[in-house]
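Chains A and B are the protein sequences, given in the same order. If you want the working numbering, it's the position in the first sequence, counting the first as 1, plus 2. If you want the working numbering, it's the position in the second sequence, counting the first as 1, plus 240. C-beta atoms are modelled at their ideal positions from N, C-alpha and C, and glycine is treated no differently. Remarks on the structure that follows.
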Amino acid sequence: GQQLNQSPQSMFIQEGEDVSMNCTSSSIFNTWLWYKQDPGEGPVLLIALYKAGELTSNGRLTAQFGITRKDSFLNISASIPSDVGIYFCAGQRGDKIIFGKGTRLHILP
Amino acid sequence: GAVVSQHPSWVICKSGTSVKIECRSLDFQATTMFWYRQFPKQSLMLMATSNEGSKATYEQGVEKDKFLINHASLTLSTLTVTSAHPEDSSFYICSATTATNEKLFFGSGTQLSVL
Chain A
3 GQQLNQSPQS MFIQEGEDVS MNCTSSSIFN TWLWYKQDPG EGPVLLIALY KAGELTSNGR
63 LTAQFGITRK DSFLNISASI PSDVGIYFCA GQRGDKIIFG KGTRLHILP
Chain B
241 GAVVSQHPSW VICKSGTSVK IECRSLDFQA TTMFWYRQFP KQSLMLMATS NEGSKATYEQ
301 GVEKDKFLIN HASLTLSTLT VTSAHPEDSS FYICSATTAT NEKLFFGSGT QLSVL
């Protein structure tokens, strides 16, 4: 079956550091989505990517849709405490959406 | 952005009772809604895909008689956990997509605890 490999599973960083996470797949997707989930809440859409090679920013967040359409990365610059949470990538084709297992971001005091 | 409202946020019930969770799209027509289950520190597990006016499509291993889904209108889908048992305790999340399937928006989730 289709799988999304999201890495890393967790990250422990200092406030102010940059963060990078990625997702890869054996299948091609038409759309890549990145979400953030806070404890006890539903995921919130951060960035949506629709074209291979597309690079999109949303404030301190930057995401890219890989040229092969099988991967995507998300970067967070100058991390702040409220960036803590779980980040999910999702690949979409038609009405089928596959989620990665998430990257749990921790910021050390 | 589009808003998906999910209610209730949390529910505690006795074993054997049924619980209904509502998912509404507030400012758009959701042709397709999805229901997920999430265990602590785990990813989202798709339970079923619901299209307005038709029967839901359940993922393998999800009991359709246990988790009843109704999508009666373009703005409302409901998930009913029938005869709930402690092992049904989980975080349930709905999501909805627009007709063009360009984006997927999530509800805020429902924490179900079955005693």
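Looking at the backbone, the Cα of R95 (chain A) and that of R71 (chain A) are separated by about 11 Å.
Looking at A:R62, A:Q39, A:E17 and A:S27, the one whose alpha-carbon comes closest to that of I99 (chain A) is A:S27. Residue burial annotation: K281 (chain B) is exposed, with fewer than 16 other C-beta atoms found within 10 angstroms of its C-beta. For R277 (chain B), the uninterrupted beta strand (DSSP E) segment begins and ends at T272 to Q278. When the Cα atoms are used, W275 (chain B) and E19 (chain A) turn out to be separated by approximately 35 Å. For the pair Q11 (chain A) and L110 (chain A), the CB atoms are not nearer than the 8 Å cut-off.
Beta-bridge annotation (DSSP): A336 (chain B) is paired with B:M273 and B:F345. Put simply, the CB of I261 (chain B) is far from chain A, with every gap to its CB atoms at 8 Å or more.
K281, Q282, S283, L284, M285, L286, T289 and N291: these are the residues of the segment 281–303 of chain B whose beta carbon lies less than 9 Å from some beta carbon of chain A, given in chain order. Annotated as distal: C263 (chain B) and V354 (chain B), with beta-carbon spacing of 8 Å or more.
The beta carbon of A270 (chain B) is closer than 8 Å to those of V244, E292, L314, T315, S317, A336, T337 and T338 in its chain, skipping five residues each way along the sequence. With fewer than 16 neighbouring CB atoms inside 10 Å of its own CB, D305 (chain B) falls in the exposed class.
Here E262 (chain B) carries a strand assignment [DSSP, helix/strand/coil].
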